[in-house]
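One structure is given below, encoded as C-alpha cells.
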Amino acid sequence: MMYYTKASYLTGAFLAGLSFSQVEGVHHTFVTEAGPVMEWLLRIFFSASIGFQVPIKMFGNKSVIAWGFAFYASVLGKLPIGMFAPKYEDDTRPANYPFNPFTRDVIITSVAMTC
Numbered sequence: 047m048m049y050y051t052k053a054s055y056l057t058g059a060f061l062a063g064l065s066f067s068q069v070e071g072v073h074h075t076f077v078t079e080a081g082p083v084m085e086w087l088l089r090i091f092f093s094a095s096i097g098f099q100v101p102i103k104m105f106g107n108k109s110v111i112a113w114g115f116a117f118y119a120s121v122l123g124k125l126p127i128g129m130f131a132p133k134y135e136d137d138t139r140p141a142n143y144p145f146n147p148f149t150r151d152v153i154i155t156s157v158a159m160t161c
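Now the structure itself:
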C-alpha cells in the first residue's frame, strides 16, 4: 500500500504496528519479549543520531574551548546557590530516618539550578 501511495516505508511500518497493537495481549507480550532488546537499540540509535551531528574537528578551536570553560564556570557557580533553598517545614522526621530531607532538597535544588 505504501508503494502505491508513494509514502515512506516507515509510515507502513508505523501503521502495521498501530493495527497490530489493537490485538488483545500483544502489547504485554511485546514488552516482555522485546523490552530489553528495544532498550539497547534505542540507546544505540539515539546516541548515533546525536553523536554523528557533533563536529569533532571544532573541539580544537580556541573559542569552543573558551565557551566550554565559561559554561563549566557557570555550572560551578550555580551549585552553591542551592544552599540558599528555604526551609519551609520544621524537622518532624522520626529518630531513625535514614537521611535529612532538607539536605536532599538542597542537593536537588543545586543540581536543578545547573540544568
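For the sequence shown, the positions run 47 to 161 when the working numbering is used.
By construction, the Cβ of each residue, glycine as well, lies at the ideal position given by its N, Cα and C atoms.
Query raised in the report: In three-state terms, what does DSSP make of Ser54?
Result: Ser54 falls in the coil class under three-state DSSP.
Query raised in the report: Do you know offhand how far Tyr49's Cα is from Gly58's?
Result: Taking the straight line joining both Cα atoms gives about 9 angstroms.
Report task. Please list, in chain order, all residues of the same chain as Thr155 whose beta carbon is under 6 angstroms from its beta carbon, the five residues on each side excluded. Result -> Apart from sequence neighbours up to five positions away, the residues of its chain that approach Thr155 with a beta-carbon distance below 6 angstroms are Gly128, Ala131, ordered along the chain.
Query raised in the report: With C-beta atoms as the reference, is Phe75 less than 8 angstroms away from Lys124?
Result: The residue you asked about is not Phe; residue 75 is Thr in the sequence shown. Between Thr75 and Lys124, the CB-CB gap reaches or exceeds 8 angstroms.
Query - Distance between beta carbons of Pro147 and Arg139, contact taken as under 8 angstroms - result: The pair is a contact, with the Cβ atoms about 7 angstroms apart (cut-off 8 angstroms).
Query raised in the report: Closest to Ala158 by CA distance: which of Tyr143, Val121, Pro101 is it?
Result: Answer by Cα proximity: Val121.
Query raised in the report: Between which two residues does the alpha helix (DSSP H) containing Gly97 stretch?
Result: Run containing Gly97: 72-97, per the alpha helix (DSSP H) assignment.
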